[in-house]
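Protein chains in written order, with the UniProt record's numbering: chain A, 1 to 148; chain B, 1 to 148.
Protein chains: 2
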Amino acid sequence: MRIGDVAERSGVSTRALRYYEEQGLLTAERTPGGQRTYPESAVERVRLIQQFFAAGVPSRTVLQLMPCVEAGQATPEVFQVLEAERERITAAMADLAAARDALDRMIDIANHPTPEHCPALREPAWSPYDPSGATVAAGSPVATASAG
Amino acid sequence: MRIGDVAERSGVSTRALRYYEEQGLLTAERTPGGQRTYPESAVERVRLIQQFFAAGVPSRTVLQLMPCVEAGQATPEVFQVLEAERERITAAMADLAAARDALDRMIDIANHPTPEHCPALREPAWSPYDPSGATVAAGSPVATASAG
DNA sequence: CTAGAACCTGACGTTGACGTCAAGGGCAAG
DNA sequence: CTTGCCCTTGACGTCAACGTCAGGTTCTAG
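This is the structure:
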């Protein structure tokens, strides 16, 4: 396969593929004229790389994992990287879940603008922000009175 | 509170706080001498911003959500943004889960280097990559023979 | 043999959330 | 008034994963 085929089948640009090679993530044979030739398996390889990138794993770390992908076994150091990255991803998922919950509270507020119908306002997700310094709690009697 | 206090309590740099102000995410009163003064609630505000940033929400989008945080209600456009962002985060969580599963398969391989003891090798997670073009399946008779 | 599509290397541009340095000003203590 | 810390604006630097452009080469169809 030539680089354009791999690009099309894996859904990335040819520039990206050359970048992967530059980073040592993907190697290619060359034709006598110097053009890159890939095996079919390169498509899956690229998809795996993309999967890691999508998870925020930097190319240098992916590079560290590549021997494991190729050999089917890991040195203790690679094993450390594997577990560390797994933990990082778990933490990232927790962050995402927290942000999603924040959005959910905001959506709740958007749907029910009065405290009576809005659990998010009764259990304030964050303090209202007023640079002038007046501190008013979201579920305070004042707010309740203004709505009741 | 002065900027240093907010920075310390919220765990970000003063540079970050000025950047937030530059982006319109955080406003501050000023002393006659021109120094920034924040209410206590600024700390929570900054934590919320950080939470969104950690989830990959760009500052421009956070800015769009700020009226909702302040007013406790949302225009239809803001509502669209809320739901779109929620969906993006959900997709990102799926990506993370997929990458974590890939790592798990690799960890499995690392722990059980022979196909007999390794489910991940019997159900190949990705094709082995060999730029020379020889295509060999992970669970093929060849691999099994070499291990048996 | 020739057109043109696809490929090559090299190099600079982009984006976001800051880091960092420089040169100067505000503020509370003594 | 001075010391010293914290603050100010302004501006350039960073890093990652590419995008994009330029100028030239290789491959393939006719």
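Even glycine gets a Cβ: it sits at the ideal position worked out from N, Cα and C. What you are looking at is a predicted structure, and each value in this text was computed from that prediction instead of being measured.
Contact note: D95/B reaches chain A through A54 and A55, using a C-beta cutoff of 7 Å and chain order. Burial check for P58/B: the Cβ neighbour count within 10 Å stays below 16, so the residue is exposed.
Bounds of the alpha helix (DSSP H) holding T14/B are T14 to E22. Taking a beta-carbon distance threshold of 7 Å, Q51/B counts as an interface residue toward chain A. Along the segment 55–70 of chain A, going in chain order, the ones with a CB nearer than 9 Å to a CB of chain B are A55, G56, V57, L65, M66, C68, V69 and E70. The criterion of a C-beta distance shorter than 7 Å is satisfied by Q51/B and A98/A.
Among the residues facing chain B, T14/A is not included, as its CB has no counterpart in that chain under 7 Å away.
The beta carbon of E85/B falls within 7 Å of a beta carbon belonging to chain A, placing the residue at that interface. Contact of Y129/B with chain A is assigned, a C-beta pair being separated by under 7 Å.
Secondary structure at T61/A: helix, using DSSP grouped into helix, strand and coil.
Within chain B, no residue has its beta carbon less than 7 Å from that of E77/A; the closest one is some 11 Å off. P128/B places its beta carbon 7 Å or farther from that of A28/A. R86/A has its alpha-carbon roughly 25 Å from the corresponding atom of I49/B. At the C-beta level, I3/B and R36/B come within 7 Å of one another.
Per DSSP, S10/B is one residue of the alpha helix (DSSP H) stretching across I3 to S10.
Fewer than three pairs of CB atoms, one per stretch, sit closer than 8 Å, so the segment 71–88 of chain B makes no contact with the segment 16–28 of chain B. Within the DSSP bridge table, the entry for T37/A names E29/A as partners.
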